[in-house]
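Sequence lines, in order, name chains F and P. Read in order, the letters of the first sequence correspond to residues 8 to 371 in our numbering. Read in order, the letters of the second sequence correspond to residues 8 to 371 in our numbering. Backbone N, C-alpha and C define an ideal beta-carbon position, used for all residues, glycine too.
Protein chains: 2
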Amino acid sequence: MAEFLTEAKHRTGAQSPDRHEAAVILERTRASVDPELRLAIDALPGSMRRIALYHFGWEHADGTPAAGNPGKAIRPALVLTAAAALGGPAAREAALRAAAAVELVHNFTLLHDDVMDRDTTRRHRPTAWTVFGDTDAILAGDALQALALGLLAEDPHPAAAPASARLAACVVELCAGQHADTAMERRGPGDVTLDEVLTMAEAKTGALIGCACAVGALYAGAPGEDVAALDAFGREAGLAFQLIDDVIGIWGDPRRTGKPAGSDLAARKKSLPVVAALTSGTPAASELAELYAMPYGKEGEAQDGEEIARTALAVERAGGRDWAQVQAADRMARAMHELSRAVADPAEAGGLLALLEYVTRRST
Amino acid sequence: MAEFLTEAKHRTGAQSPDRHEAAVILERTRASVDPELRLAIDALPGSMRRIALYHFGWEHADGTPAAGNPGKAIRPALVLTAAAALGGPAAREAALRAAAAVELVHNFTLLHDDVMDRDTTRRHRPTAWTVFGDTDAILAGDALQALALGLLAEDPHPAAAPASARLAACVVELCAGQHADTAMERRGPGDVTLDEVLTMAEAKTGALIGCACAVGALYAGAPGEDVAALDAFGREAGLAFQLIDDVIGIWGDPRRTGKPAGSDLAARKKSLPVVAALTSGTPAASELAELYAMPYGKEGEAQDGEEIARTALAVERAGGRDWAQVQAADRMARAMHELSRAVADPAEAGGLLALLEYVTRRST
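See below:
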């Protein structure tokens, strides 16, 4: 596993064949899923359509058309690529509506999470609640959930009902994950265990990525154990993604992440590397706990950069960075193992592996 | 129609055979649907289960068991009674899960509406957001919507998919209705038309009552035109209910409504009789517009009761009360006409007529 990561580090993003393959898959996904999404959203009543079109980047706040920047479409890409890996091009084609449904669920949770977390920026634009208010952002999210499950209810494919049941169960898990996340952020830095934060990350990030892969497998007519293996593949991939996202949130290059350096630390976020560090029992853990107990910015702006650097160093010295990278590698190994159980032929697994590598190797 | 209402007024609530029949139907509905609801809610993750059990009145805020006061179950009663009317006892039995799904959707909207409207009391208890906070009330609502559509996705009955598609489309309409309601409350009293407020009431109240009846018809295997007639029956019944609810909100006996007299007027709510009065072009309409333009309570507590009485009188003199009662009677006539298209035998329509009379004749 260590060699895998070492080798991966030697490749630069642009030249990696996997990275190129992933980019092609994502672009092709957008081209096939966007028309389904637009069709569904255009059928909404005017008030809900307007908010959805803004959120997806297809309209400006004043209702004029916009170029659109509706995210990377990783989840629908996983639906289609899993369907193709297990059932060929016909299964991919059959799963288009389900891919749109998964993307709608993802965006419903983004609309609601932004309201709850008071996040003001999403995909480089003001979040919907800052433009339309809390009420309309909540209602648009509710409508997108209904639209997603309604799409599947209208789909005559035999996989539609089990896919819908899985997606509905996944929404419940996403809600529990978001609850755990917000509840955890209100607790003291010493009160959160590593198990808790891993369970939360699996519910909040792993569940929908696993569900996307499982839905693709269902549309390929795969047997139950392959659907379960694809779900497990996605969950492990999702956790690896979250671990690396958290590492980037602390040590990533602000020019590439688009977020100020150390903003997660400034917000005292109990991210995975931070909780690993806090629970490490090292002297650096005590130092980190002390820093986290103080509200950020207490010492004035001149000290802020220095404080963030000290905090990041404490996480690193307490082993949080290494732990997260070893965990991420371990999760990727588990993901590949699960995938190999359902898709024995490496050629057929290629697309899913490219997406796995894409989501877990960004700007670290 | 006038005779219908006159006759209805002569009957007192307790002695009316329809009222007794409705009470029996509602009690029987609770007895058959509550176990389905409990089963679904008990399967939620702990954090979401706790909020749902509180909202349904099955637990106190501290998690200890409560007697439960989970509403009147009118919507699931309509599902089951429509199924029985068109398909007999076997259809009623088959529709139990769908009835629970409709009740879950209703309760998801209550959880979210209470957050948006900042309502602090629901079924004589503090609303969920006042106990658990906005975030958890929103998440529990999201989870209940998923639970509802998930129940239908797991139901092997051939009506489950079309019922799920209808219920999902209904959620979208409910969202648009709630949007219109909140947007309208922010506008000036002279800026709202009667058409707008009728459309809003149909979306917010009529849609789910119509959907409940249509879902029952689907589980009875009824042909498309009967499903549409049952939907129209429920929509008209829902509008009649809303009209009478609005009349009660102004002239109802506070001892029977549980709300202070004239609280809708004090809140300057643009209810149906108020908008009818405001748009009547009468001198009383101008007086009402002037009263509504002033914030309530401006003149001190001693004047409040007098002001509410003056406002109620202005609505009445501008014809708002008569209009609402004539409209309600008209909607009930339309409802009965729609019902007779799908259920020719009055004996089979009896249960639905009893429920129609129950919801439209409370404490007026």
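Buried/exposed call for residue i, threshold 16 Cβ in 10 Å
| i | result |
| --- | --- |
| methionine 207 of chain P | buried |
| methionine 123 of chain P | buried |
| alanine 354 of chain P | exposed |
| histidine 131 of chain P | exposed |
| alanine 38 of chain P | exposed |
| valine 31 of chain F | exposed |
| glutamate 180 of chain F | buried |
| leucine 46 of chain F | exposed |
| alanine 351 of chain P | exposed |
| glycine 148 of chain P | buried |
| glycine 157 of chain P | buried |
| histidine 344 of chain F | exposed |
| serine 274 of chain P | Position check: residue 274 of chain P holds alanine in this sequence, whereas serine was assumed. That one is exposed. |
| glycine 269 of chain F | buried |
| glycine 70 of chain F | exposed |
| glutamate 313 of chain P | exposed |
| glutamate 243 of chain P | buried |
| glutamate 34 of chain F | exposed |
| alanine 356 of chain F | buried |
| proline 196 of chain F | buried |
| methionine 55 of chain F | buried |
Any chain F beta carbon closer than 7 Å to residue i
| i | result |
| --- | --- |
| alanine 168 of chain P | yes |
| histidine 113 of chain P | no |
| alanine 175 of chain P | yes |
| valine 179 of chain P | yes |
| serine 171 of chain P | yes |
| methionine 8 of chain P | Residue placement at methionine 8 of chain P is flagged as unreliable, the pLDDT there being 36, under the threshold of 50; the coordinate-derived value follows with that caveat. No - not a single Cβ of chain F is within 7 Å of the one on methionine 8 of chain P. |
| aspartate 337 of chain P | no |
| alanine 221 of chain P | no |
Cβ neighbours of residue i in the same chain (closer than 6 Å, five flanking residues each side left out)
| i | result |
| --- | --- |
| tryptophan 258 of chain F | none |
| alanine 29 of chain P | Ala361, Leu362, Tyr365 |
| threonine 318 of chain P | Leu272, Leu298 |
| valine 138 of chain P | Ala68 |
| glutamate 14 of chain P | For glutamate 14 of chain P, the pLDDT reaches just 37, beneath the cut-off of 50, and the residue's location in the model is therefore unreliable, although a value from the coordinates is still provided. Answer for glutamate 14 of chain P: no residue qualifies. |
| alanine 155 of chain P | Ala108, Leu111, Val112 |
| alanine 236 of chain F | Glu345, Arg348, Ala349 |
Contact with chain P by residue i, beta-carbon distance below 7 Å
| i | result |
| --- | --- |
| methionine 207 of chain F | no |
| methionine 123 of chain F | yes |
Proximal residues to residue i (C-beta, below 7 Å), its chain only, five neighbours per side dropped
| i | result |
| --- | --- |
| aspartate 233 of chain F | Leu93, Ala224, Ala349 |
| arginine 82 of chain P | Val109, Glu110, His113, Leu215, Ile216, Ala219 |
| leucine 7 of chain F | What is shown of chain F runs 8 to 371, which leaves residue 7 of chain F out entirely. |
| arginine 18 of chain F | Residue placement at arginine 18 of chain F is poorly supported in this model, since its pLDDT is 38, which falls under 50; the coordinates still yield a value, given next. Here the set comprises nothing. |
| alanine 247 of chain P | Ala335, Arg338, Met339, Ala342, Thr367 |
| valine 322 of chain F | Ile257, Pro280, Val281, Ala284, Leu295, Arg328 |
| alanine 325 of chain P | Ala284, Ser287, Thr289, Ala291, Ala292, Leu295 |
| histidine 186 of chain P | none |
Own chain, CB closer than 8 Å to residue i, minus 5 neighbours either side, in chain order
| i | result |
| --- | --- |
| leucine 276 of chain P | Checking the sequence shown, residue 276 of chain P turns out to be lysine, not leucine. Excluding residues within five positions, the ones whose Cβ falls inside 8 Å are Glu192, Gly256. |
| aspartate 126 of chain F | Asp120, Thr134 |
| glutamate 66 of chain F | Arg57, Leu60, Pro72, Ala73 |
| glycine 358 of chain F | Glu28, Ile32, Thr88, Ala91, Ala92 |
Listed by chain order, chain A residues near residue i by CB distance under 9 Å
| i | result |
| --- | --- |
| histidine 27 of chain F | Within the model displayed, chain A is absent; protein chains F and P are what it includes. |
task = With 7 Å as the limit, tell me which residues of the segment 142-165 of chain F have their beta carbon closer than that to any beta carbon of chain P; keep them in chain order.
result = Thr142, Asp143, Ile145, Leu146, Asp149, Ala150, Gln152, Ala153, Leu154, Leu156, Gly157, Ala160, Glu161
query = Along the chain, which unbroken stretches of the alpha helix (DSSP H) at least 4 residues long are found entirely within the segment 229-274 of chain P?
reply = 231-258, 261-264, 270-273
query = Looking at chain P, which residues of the segment 36-55 of chain F have a Cβ within less than 9 Å of any of its Cβ atoms?
reply = Ala50, Leu51, Pro52, Gly53, Ser54, Met55
request  = Output, in sequence order along the chain, the residues in the segment 182-200 of chain P whose CB is closer than 8 Å to any CB in chain F.
outcome  = Cys182, Ala183, Gln185, His186, Ala187, Thr189, Ala190
query = Of all the alpha helix (DSSP H) runs that stay within the bounds of the segment 42-94 of chain F, which reach a length of 4 or more residues?
reply = 53-62
ask   = Unbroken alpha helix (DSSP H) runs of length 4 or more, entirely within the segment 142-213 of chain F: which are they?
value = 167-192, 201-208
message = Output needed in chain order: residues of the segment 54-69 of chain P with a Cβ under 7 Å from some Cβ in chain F.
response = Taking 7 Å as the upper bound on Cβ-Cβ separation, chain F lies near residues Ser54, Met55 of the segment 54-69 of chain P.
key: Complete runs of the alpha helix (DSSP H) confined to the segment 275-304 of chain P [at least 4 residues]   = Listed in chain order, they are 279-285, 290-300.
task = Return the residues of the segment 324-349 of chain F that lie within a Cβ-Cβ distance of less than 8 Å from chain P, sorted by chain order.
result = none
request  = With a floor of 3 residues, list each beta strand (DSSP E) that falls wholly inside the segment 113-139 of chain P, ordered by position along the chain.
outcome  = none
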